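One structure is given below, encoded as C-alpha cells.
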Amino acid sequence: MSDAMGRDVIIRGVELSKRYRLGKDNYVDALRCATLDIMRGEMAAIMGPSGSGKSTFMHIAGCLDTPDSGEVWMDGERIDSLSGQELVQIRRAKIGFIFQGFNLIPTLSAEENVALAAEYAGLSRSRALMRGRELLEVVGLGDRMRHVPSELSGGQQQRVAIARALVNDPSIVMGDEPTGDLDTTTSAEIVAMMRRVNAERGTTFLIVTHNPEVAEACDRTVTMRDGVVVDHGDGRPIPDAAASQAEVANSTDDKETANA
Ligand code: ADP
9 MSDAMGRDVI
19 IRGVELSKRY
29 RLGKDNYVDA
39 LRCATLDIMR
49 GEMAAIMGPS
59 GSGKSTFMHI
69 AGCLDTPDSG
79 EVWMDGERID
89 SLSGQELVQI
99 RRAKIGFIFQ
109 GFNLIPTLSA
119 EENVALAAEY
129 AGLSRSRALM
139 RGRELLEVVG
149 LGDRMRHVPS
159 ELSGGQQQRV
169 AIARALVNDP
179 SIVMGDEPTG
189 DLDTTTSAEI
199 VAMMRRVNAE
209 RGTTFLIVTH
219 NPEVAEACDR
229 TVTMRDGVVV
239 DHGDGRPIPD
249 AAASQAEVAN
259 STDDKETANA
C-alpha cells in the first residue's frame, strides 16, 4: 500500500473516531476523524497537548483497541473489524511496545525478561535465552544480562524493554512516552539507540512524546489536537475535516484563555 507520493505505508488510519462514554449523557471524543499514515522504515513522533488523542491513536494503530468508525490498514490488510483474537495475532507478529514505566518483571534478570517474551512467542527456553542475550547486545547491555531491574538505571531498564519489544523482529515498535521517566542525557541516549535500531534493522518507530528533543531526533513530528491530526509533519496538507476541527479546537482554547 502506498500514499499519493508513492511511499510505502505500513499503517493507515482513515477518519478514525473514538468516543469514550463516561456516563449516560457524558462522553469524550478522543478521536474525531483522525487520518494518518505511518511509512515503513520511518521514525515518527506524535506530539500534542494532553488529551489530544495521541495514545488512543497509538492503541488503535497497535491493535490494542478498535475505532468506533473509520478504517485501519496494516501492511495493506484492513484490520479495524477483526476479532480480538485476530488482533492479538497481528500484534504478536508485527508490533513491539515500549512504555514510560518500562514494565519489566522485577524478579527476573535482564536476559530472563527478554527471554520470557521470546518464550511466549514460541521459542524453547534455551533458544529464548539465546535470543535474549543477542538482543541485549543489540541495545548495548551485553555486560548487564544477569542484573535484575533494581540493579539497573532507568536508561538501562528501558534498553531491556526495547530488547524485549524487538523479540519477534516486529515491523513496528510503538512507544508511549518511552523517555518520560528519564533525564535529558539518558533520554537522548535511548533515542540515539532507537535511531540505530531503525537504521540497522529497518524497524519502523512510532513514538508519542512531550519532549521536543525526542521529536527532533525523529524523521517527522505529527501534531494532534483535540482528536484530529493538525500537522503531518511532512508538508502534507491536512484534510478539510481536520482543518475545521482544529479551528473549533482553537476557538475553544481562545475562550478558555479569555475566561482564565
Ligand atoms: P493523549 O494521549 O493525547 O493524552 P488520550 O488518547 O489518552 O490523549 O485521551 C484522549 C481523551 O480521551 C482524553 O480526554 C481522555 O481523558 C479520554 N480517554 C482516554 N482513554 C479513556 C478511557 N479508557 N475512558 C474514558 N476516557 C478516556
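Quick note on our numbering: the sequence shown kicks off at 9 and runs consecutively. Backbone N, C-alpha and C define an ideal beta-carbon position, used for all residues, glycine too. Only a predicted model underlies this, so the values are computations on that prediction, with no experimental measurement involved.
CA nearest to the CA of residue i, picked from the options
| i | options | result |
| --- | --- | --- |
| residue 96 | 110, 70, 116, 106 | 70 |
| residue 181 | 10, 13, 18 | 18 |
| residue 197 | 243, 167, 34 | 167 |
| residue 122 | 224, 152, 83 | 152 |
| residue 102 | 169, 215, 176, 26 | 176 |
| residue 189 | 208, 213, 164, 237 | 164 |
| residue 27 | 47, 73, 44 | 73 |
| residue 78 | 85, 84, 89 | 89 |
| residue 7 | 174, 171, 110, 20 | Outside the displayed span of the chain (9 to 268) sits residue 7, for which this structure offers no information. |
| residue 157 | 12, 132, 116, 128 | 116 |
| residue 118 | 224, 14, 140 | 140 |
| residue 183 | 161, 213, 203, 209 | 213 |
| residue 109 | 144, 64, 170 | 170 |
| residue 129 | 144, 85, 174 | 174 |
Distance, residue j Cα to residue i Cα
| i | j | result |
| --- | --- | --- |
| residue 37 | residue 235 | 7 Å |
| residue 155 | residue 106 | 20 Å |
| residue 265 | residue 220 | Residue placement at residue 265 is poorly supported in this model, since its pLDDT is 42, which falls under 50; the coordinates still yield a value, given next. One C-alpha to the other measures close to 24 Å. |
| residue 267 | residue 51 | Annotation note: pLDDT 43 at residue 267 (below 50); position unreliable, no value reported. |
| residue 100 | residue 126 | 11 Å |
| residue 10 | residue 16 | 5 Å |
| residue 113 | residue 228 | 33 Å |
| residue 32 | residue 59 | 21 Å |
| residue 206 | residue 29 | 38 Å |
| residue 269 | residue 201 | Because the chain spans 9 through 268 in this model, residue 269 falls outside it and cannot be assessed. |
| residue 137 | residue 98 | 24 Å |
| residue 263 | residue 237 | With a pLDDT of 44 at residue 263, under the threshold of 50, the modelled position of that residue is not reliable, and the figure given next carries that caveat. Whole-angstrom Cα-Cα distance: 21 Å. |
| residue 43 | residue 134 | 44 Å |
| residue 83 | residue 222 | 26 Å |
| residue 120 | residue 94 | 28 Å |
| residue 243 | residue 24 | 21 Å |
| residue 67 | residue 150 | 31 Å |
| residue 87 | residue 45 | 14 Å |
| residue 111 | residue 124 | 13 Å |
| residue 194 | residue 172 | 19 Å |
| residue 142 | residue 40 | 42 Å |
| residue 240 | residue 12 | 14 Å |
| residue 65 | residue 14 | 24 Å |
Original post:
Which runs of the alpha helix (DSSP H), 4 residues or longer, sit entirely within the segment 74-107?
Top reply: Runs found: 92-102.
Original post:
In chain order, which beta strand (DSSP E) runs of at least 3 residues are fully inside the segment 19-73?
Top reply: You should have 35-47, 51-55.
Original post:
Taking a cut-off of 5 Å, which residues have a beta-carbon closer than that to any heavy atom of ligand 1, in chain order?
Top reply: A distance filter of 5 Å between CB atoms and the heavy atoms of ligand 1 selects the following residues in sequence order: 28, 36, 38, 58, 59, 60, 61, 62, 63, 64.
Subject >> alpha helix (DSSP H) runs wholly inside the segment 175-263, at least 4 long, in chain order >> reply: List check, alpha helix (DSSP H) in window: 192-209, 220-224.
Original post:
On the three-pair Cβ rule with 8 Å, is the segment 53-60 touching the segment 230-246?
Top reply: Yes, the segment 53-60 is in contact with the segment 230-246.
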